[in-house]
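This report concerns only the one structure given below.
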Amino acid sequence: MKKNKKTTTDLRGFLSQWWGNIQRSLFPNLQEELGPLTSPLQKVIMTLEMLRVEEFVREQWYSRGRPSSSRKAIARAFVAKAVLNLATTRTLLDRLYIDVRLRRICGFLT
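Right, dumping it as structure tokens:
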């Protein structure tokens, strides 16, 4: 199967522009608010920005269970688990407990 050279070039240009925008606007703002960001945290941010997983989480209120806003943070945390290559959910929870930056990136406010 032959790839279309123009499509590949267009995609590379789009991704390059997208990455440049993240580096110029998103990372500096986050670093100002959270402090220095490690390379793995930058990878998490970039992945979350690309996937926008929170848009796929239903916002429906039930009388029981977690509030909808927490469900979005949980979804983002599981993406971070995969990006950071954390073996277990317990490891993810421990990391969220000690790492304020990761907690904020995932959307947990406290």
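Positions -12 to 97 (the numbering used here) are the ones given, in order, by the sequence shown. Just so you know, even glycine gets a beta-carbon here, dropped at the ideal spot from N, CA and C.
Three-state class that DSSP yields for residue i in the structure shown
i, result
"residue 64", "helix"
"residue 95", "coil"
"residue 22", "coil"
"residue 49", "coil"
"residue 75", "coil"
"residue 44", "coil"
Close-in-space but distant-in-sequence residues of the same chain around residue i (CB under 8 angstroms, 5 per side omitted)
i, result
"residue 62", "40, 41, 43 and 44"
Own chain partners of residue i with C-beta closer than 7 angstroms, once the 5 adjacent residues on each side are dropped
i, result
"residue 21", "88 and 91"
Evaluate the contact criterion for the stretch 57 to 74 versus the stretch 28 to 47: three or more CB pairs, one atom per stretch, below 8 angstroms. Because the criterion of three Cβ pairs below 8 angstroms is met, the stretch 57 to 74 and the stretch 28 to 47 touch.
Quick check: the stretch 73 to 85 against the stretch 29 to 39, are at least 3 beta-carbon pairs closer than 8 angstroms? no
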